[in-house]
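Under this note's numbering, the first residue of the sequence shown carries the number 68, and numbering increases by one thereafter.
Yeah, the Cβ is synthetic: ideal placement off N, Cα and C, and Gly gets one too.
Computed from a prediction, not measured in an experiment: that's the story for all the values here.
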Amino acid sequence: DEMIIGGGMAYTFEKVLHGTDIGKSLFDKEGAKIVNKIIDKANKNGVKIHLPTDWIIADQFAKDANNKVATRADGITDNWMGLDIGPESQKAFESVIKRCNTIIWNGPMGVFEFPAFAKGTQVVMNAMVEATKRGAVTIVGGGDTATCAAEMGTEDKLSHVSTGGGASLELLEGRQLPGVLALSVKGSAKL
Numbered sequence: 068d069e070m071i072i073g074g075g076m077a078y079t080f081e082k083v084l085h086g087t088d089i090g091k092s093l094f095d096k097e098g099a100k101i102v103n104k105i106i107d108k109a110n111k112n113g114v115k116i117h118l119p120t121d122w123i124i125a126d127q128f129a130k131d132a133n134n135k136v137a138t139r140a141d142g143i144t145d146n147w148m149g150l151d152i153g154p155e156s157q158k159a160f161e162s163v164i165k166r167c168n169t170i171i172w173n174g175p176m177g178v179f180e181f182p183a184f185a186k187g188t189q190v191v192m193n194a195m196v197e198a199t200k201r202g203a204v205t206i207v208g209g210g211d212t213a214t215c216a217a218e219m220g221t222e223d224k225l226s227h228v229s230t231g232g233g234a235s236l237e238l239l240e241g242r243q244l245p246g247v248l249a250l251s252v253k254g255s256a257k258l
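What follows is the structure in structure tokens.
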């Protein structure tokens, strides 16, 4: 019913949908071509899309980069880049997670490897843990997100953690996974 788009992917959506200046943030030219189709499909299916409305931005991609908060109204300065979701987006995303009963998460909210840009991911992870405690099904898929769970000590506090992010998404799309198919067809597995 609801989808949060955070991390590097969000900047492409932000630029296309809102015309926001994104500075040196990640921008996917090919992906930009299908943003409106994705939004149209979400609207058609009653899925509410949530994008960040503020970011923690940096003057370089580095652990010790200068950083500050920028909002959608501000945009991201030309020589700066978004490396995490900002405090208002953290609260908003936490609120979305609190009302959901099944949550699938693929991809961190920021560059969690750098402490200054890890808070968004930490907030979402903590919300996932709280959701699991109240009985929600929480699934983390993808190597980076699984690494976050391991580093934050939350692997055993979520319903399921998988390093197969791409495979997880393909399974949700209804595609057959080659490895599972090979194991499912009698006589096809050769040792």
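In the displayed model, V83 falls within a helix according to three-state DSSP.
In terms of CA proximity to G187, I123 leads the group I123, A77, L84 and M148.
For the options D141, D121, A183 and N134, the alpha carbon positioned closest to that of A159 is the one of D121.
Taking 7 Å as the cut-off, the Cβ atoms of N173 and A203 do not count as close. Shortest Cα-Cα distance from I106 to any of G90, G246 and E69 involves E69. Secondary structure at E222: helix, using DSSP grouped into helix, strand and coil. C-alpha of E81 to C-alpha of T87: approximately 6 Å in a straight line.
Distance check between D145 and each of I89, L93, D223 and A194 places I89 closest, using alpha-carbon atoms only. When C-beta atoms of the region 192-211 are compared with those of the region 135-153, fewer than three pairs fall below 8 Å, so the two segments do not count as touching.
Between the beta-carbon of G74 and that of M176 there is about 6 Å, and that keeps the pair under the 8 Å contact cut.
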